[in-house]
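Enquirer: Chains as they are written, first to last, in this note's numbering: chain A, 2 to 162; chain B, 56 to 467. Just so it is clear, CB atoms sit at the ideal spot from N, CA and C, and this is done for glycine as well.
1) Near residue 288 (chain B), which residues of its chain fall below 6 Å by C-beta distance, leaving aside the five closest residues on each side in sequence?
2) Might you give, ordered along the chain, the residues of its own chain that have their beta carbon closer than 7 Å to the beta carbon of residue 118 (chain A), omitting 5 neighbours on each side?
3) Could you tell me the distance, in whole angstroms, from the CA atom of residue 404 (chain B) to the CA atom of residue 382 (chain B)?
4) Compare the C-beta of residue 155 (chain A) against all C-beta atoms of chain B and say whether one is closer than 8 Å.
5) Quick one: give me the first and last residue of the alpha helix (DSSP H) that residue 352 (chain B) is part of.
6) Leaving aside the five residues before and after residue 15 (chain A) along the sequence, list all residues of the same chain whose C-beta is less than 6 Å from its C-beta, in chain order.
7) With a Cβ-Cβ cutoff of 8 Å, do residue 260 (chain B) and residue 296 (chain B) count as a contact?
8) On a Cα-Cα basis, can you pick out the residue from B:152, B:304, B:321, B:245 that is closest to residue 215 (chain B)?
9) When burial is assigned at 16 or more other CB atoms within 10 Å of the CB, is residue 33 (chain A) buried or exposed?
10) I'd like to confirm something about residue 116 (chain A): is its beta-carbon nearer than 7 Å to some heavy atom of the ligand ADP, or not?
11) Looking only at C-alpha atoms, which of B:220, B:135, B:390 sits nearest to residue 360 (chain B)?
12) Could you check whether the Cβ of residue 137 (chain A) sits closer than 8 Å to any Cβ belonging to chain B?
13) Runs of 4 residues minimum, wholly inside the segment 272-325 of chain B: which ones carry the alpha helix (DSSP H) assignment?
14) For residue 429 (chain B), I'd like the list of residues in its chain whose CB is within less than 7 Å of its CB, leaving aside the five on either flank, ordered along the chain.
15) What's the C-alpha gap between residue 453 (chain B) and residue 373 (chain B)?
16) Measure from the C-beta of residue 177 (chain B) to each C-beta in chain A and report whether the shortest distance is under 8 Å.
17) 8 Å is my cut-off, CB to CB: does residue 159 (chain A) come that close to chain B?
18) So which of B:228, B:144, B:77, B:330 has the shortest CA-CA distance to residue 132 (chain B)?
19) Quick check on the burial criterion: 16 or more other C-beta atoms within 10 angstroms. Buried or exposed for residue 19 (chain B)?
20) Kindly indicate the opening and closing residues of the alpha helix (DSSP H) around residue 194 (chain B).
21) If I follow the unbroken alpha helix (DSSP H) through residue 41 (chain A), where does it start and stop?
22) Strictly below 8 Å CB to CB, what residues from chain A border residue 434 (chain B)?
23) Would you tell me roughly how many angstroms separate the C-alpha atoms of residue 94 (chain A) and residue 114 (chain A), rounded to the nearest one?
24) Taking 8 Å as the CB-CB cut-off, is residue 225 (chain B) touching chain A?
25) Cβ atoms of residue 85 (chain B) and residue 441 (chain B): under 8 Å apart, would you say?
26) Give the residues from the segment 221-252 of chain B that approach chain A closer than 9 Å (Cβ to any Cβ), ordered along the chain.
27) By the 10 Å Cβ neighbour count, where 16 or more other Cβ atoms means buried, how is residue 252 (chain B) classified, buried or exposed?
28) Under the assumption that residue 121 (chain A) contacts residue 7 (chain A) (Cβ atoms under 8 Å), give the Cβ distance between them as a whole number of angstroms.
29) Three Cβ pairs or more, each shorter than 8 Å: is that satisfied between the segment 184-193 of chain B and the segment 324-338 of chain B?
30) Can you look up residue 36 (chain B) in the DSSP assignment and give me helix, strand or coil?
31) Determine the direct distance from the alpha carbon of residue 336 (chain B) to that of residue 313 (chain B), and round the result to whole angstroms.
32) Taking C-alpha atoms, which residue in B:275, B:196, B:65 lies nearest to residue 141 (chain B)?
33) For residue 130 (chain A), does the count of other Cβ atoms within 10 angstroms reach 16, so buried, or fall short, so exposed?
34) Alpha carbons only, please: which of B:304, B:367, B:228, B:208 is nearest the one belonging to residue 201 (chain B)?
35) Should residue 331 (chain B) be flagged as near chain A, meaning a C-beta pair shorter than 8 Å?
36) Report back the beta-carbon spacing between residue 272 (chain B) and residue 258 (chain B) to the nearest angstrom; my notes put them in contact at under 8 Å.
And the structure:
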């Protein structure tokens, strides 16, 4: 198997030049990390006011493996402008894509777009949590914007399910 | 004992597990600091026991029980000899280093420490020689203190005088660091501890199977070992405790085997070491541990140590030639380097390195190596680690260098 089965050019590109990298004032801030592996993310999400408010702006900083950083970068591109309901739907789609059993069906869900390339993670159960870190942080941000949430996230327990 | 190159190549024949392919490439097992492979002789000892001798030990009065007991207790004496303990009564069988340290922290600890006492550790300790003391400190009000590292990733011995004061009641430190590969000066450290009246515990998880250990020469009060890192099965290890200290410790786990006489209201305890071995022991793995000790002595631990260091030196040289790769631990050529070689690559996170190395059949480990505070202090999210044992070869290191160079180019 070649290196590019998991580390496709797209993933490498996003990990080297992460999009929406930076901070945001006036936003929900979530700190996520996997202490056991060293991936860390600081996610900032600004939701438009009102119920079902769209993701107005989303940025992240952090450090970690190529998978975790690429997933975060691609996630921010995908979620910007989406409604909360759409974002939650994408979260579930993405989780199925990376954590499902067996070979990922091709093509993957159209809504995921570029994120489909992370399906390679299925063959590397230890890396599912790397791909999921940013998304769990976003889930936390969603929860906080609705008034519940604990402020800190980890995907240590995440496994192929 | 000097061995020829053929000897080292032939040793591999004792380890059938090494003859396999991983993802279509020959397995290169460089994760020995996590656990060692087991020679045929140890695997045979384990299955022979269950095939011929299995019975519960100590109290049976029939033939199988007598045989099992004799074989089991013989390992106690064998291990005592292996580390030059004064008596086999100074050997307590445990599940491994972590359990050994917890045993001391939970018996010697509360009996001897009060608020204000200091437990001296180092900044390079494995979680298993850190967390039990954190728990103990919280229970007793004792404080933790740490010897810092120098830039060459060794202990800053210049600070010893200032840190190892009479308030220090326990000084516990690692012999060979599993994440830096540093070899610490055990004899000197234990001598300094004796001068202030501190009890010492040496974490010998990485050294037990890799170099000669003589607890008389080292002069420690406690020493903790893991069988599975020295060719024995998982689930067996030992705590060495000097008689004067061990004999005064209160029981740990209560139950069968560690008692003399039992009434409904109270019981009396056996003397050490049996006082600390409640319930049916891990008989089979202990007997296999004995076979491992014999196997290691058949090669000679001096020879093993030289082989490790030769491989580590060679690996360090090959890795230093890869752009953007930094090897942790003491510098190339230092005598204080062991067969544990950790490194960080500038453009590739350790997890990505280890995942891709695996695709080429190379087993490394990546992460914080159970030394989170150390990694944080060194400013590293994680590092990758290659750790050798006597069945590894220079040819395998050449292949590792090729693979890592390929990975470096891929992420450039």
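Expert: On the basis of the data shown:
1) Sequence index remark: in the second chain, residue 288 (chain B) carries index 233 (1-based). Answer for residue 288 (chain B): 340, 343, listed in chain order.
2) What you label residue 118 (chain A) is simply residue 117 of the first chain in a count that begins at 1. If we look at residue 118 (chain A) and ignore the five residues flanking it on each side, its Cβ neighbours are 9, 11, 12.
3) In the second chain, counting from the first residue as 1, residue 404 (chain B) sits at position 349. In the second chain, counting from the first residue as 1, residue 382 (chain B) sits at position 327. The alpha-carbon atoms of residue 404 (chain B) and residue 382 (chain B) are separated by roughly 14 Å.
4) Here residue 155 (chain A) is taken as the residue at index 154 of the first chain, counted from 1. Closer than 8 Å: no.
5) For the purposes of this step, residue 352 (chain B) is identified with residue 297 of the second chain, where counting begins at 1. Start and end: 338-354.
6) Taking the first residue of the first chain as 1, we reach residue 15 (chain A) at position 14. Taken in chain order, the residues that qualify are 71, 74, 75.
7) On the second chain, residue 260 (chain B) is found 205 positions in, with the first residue counted as 1. On the second chain, residue 296 (chain B) is found 241 positions in, with the first residue counted as 1. Not a contact, by the Cβ cut-off of 8 Å.
8) If you number the second chain from 1, residue 215 (chain B) lands on position 160. Of the listed residues, the one whose Cα sits closest to residue 215 (chain B) is B:245.
9) Locating residue 33 (chain A) in the first chain gives position 32, counting from the first residue. Burial call: buried.
10) With respect to the ligand ADP, the structure offers nothing, as it holds no ligand at all.
11) As a first step, residue 360 (chain B) is located in the second chain; it is residue number 305 there, counting from the start. Distances from the CA of residue 360 (chain B) to each of B:220, B:135, B:390 were compared; the closest alpha carbon is that of B:390.
12) As a position in the first chain, residue 137 (chain A) is number 136, starting the count at 1. Judged by the 8 Å Cβ criterion, residue 137 (chain A) is not in contact with chain B.
13) 298-301
14) As a working note, residue 429 (chain B) is residue 374 in the second chain. Cβ neighbours of residue 429 (chain B) beyond the five flanking positions: 178, 179, 234.
15) Here the question's residue 453 (chain B) lines up with position 398 in the second chain. Here the question's residue 373 (chain B) lines up with position 318 in the second chain. Approximately 7 Å between the Cα atoms of the pair.
16) Here residue 177 (chain B) refers to the residue found at position 122 of the second chain. It does not: the Cβ of residue 177 (chain B) has no partner Cβ on chain A nearer than 8 Å.
17) In the first chain, residue 159 (chain A) corresponds to position 158, counting from 1. So, not an interface residue.
18) Residue mapping note: residue 132 (chain B) aligns to position 77 of the second chain, counting from 1. The shortest C-alpha separation from residue 132 (chain B) is found at B:144.
19) Lying outside 56 to 467, the shown extent of chain B, residue 19 (chain B) is not represented and no answer is given.
20) Counted from its first residue, the second chain places residue 194 (chain B) at position 139. Its alpha helix (DSSP H) spans residues 186-195.
21) Your numbering for residue 41 (chain A) matches position 40 in the first chain. No alpha helix (DSSP H) holds residue 41 (chain A); the beta strand (DSSP E) holding it covers 40-48.
22) Here residue 434 (chain B) refers to the residue found at position 379 when the second chain is read from its first residue. By Cβ distance, chain A contributes nothing, its closest Cβ being about 11 Å from residue 434 (chain B), past 8 Å.
23) Looking up residue 94 (chain A) in the first chain gives position 93. Looking up residue 114 (chain A) in the first chain gives position 113. When rounded, the distance between both Cα atoms is 11 Å.
24) Position 170 of the second chain, counting from 1, holds the residue named residue 225 (chain B). So, not an interface residue.
25) Position 386 of the second chain, counting from 1, holds the residue named residue 441 (chain B). Position 30 of the second chain, counting from 1, holds the residue named residue 85 (chain B). Yes, they are a contact pair.
26) none
27) As a first step, residue 252 (chain B) must be located in the second chain, where it is residue number 197. Its Cβ having fewer than 16 others within 10 Å, residue 252 (chain B) is exposed.
28) To locate residue 121 (chain A), count along the first chain from 1; it is residue 120. To locate residue 7 (chain A), count along the first chain from 1; it is residue 6. Confirmed, about 4 Å.
29) No, the segment 184-193 of chain B is not in contact with the segment 324-338 of chain B.
30) Any question about residue 36 (chain B) goes unanswered here, given that chain B covers just 56 to 467.
31) Locating residue 313 (chain B) in the second chain gives position 258, where the first residue counts as 1. Locating residue 336 (chain B) in the second chain gives position 281, where the first residue counts as 1. The alpha-carbon atoms of residue 313 (chain B) and residue 336 (chain B) are separated by roughly 11 Å.
32) Along the second chain, one-based indexing puts residue 141 (chain B) at 86. Looking at the Cα atoms, B:275 is the closest of the given residues.
33) Within the first chain, numbered from 1, the residue matching residue 130 (chain A) stands at position 129. So residue 130 (chain A) counts as buried.
34) As a position in the second chain, residue 201 (chain B) is number 146, starting the count at 1. Comparing Cα-Cα distances from residue 201 (chain B) to each of B:304, B:367, B:228, B:208, the minimum goes to B:228.
35) If you number the second chain from 1, residue 331 (chain B) lands on position 276. No, no contact with chain A.
36) For the purposes of this step, residue 272 (chain B) is taken as residue 217 along the second chain, with counting starting at 1. For the purposes of this step, residue 258 (chain B) is taken as residue 203 along the second chain, with counting starting at 1. Actually they do not touch by this definition, with Cβ atoms about 17 Å apart.
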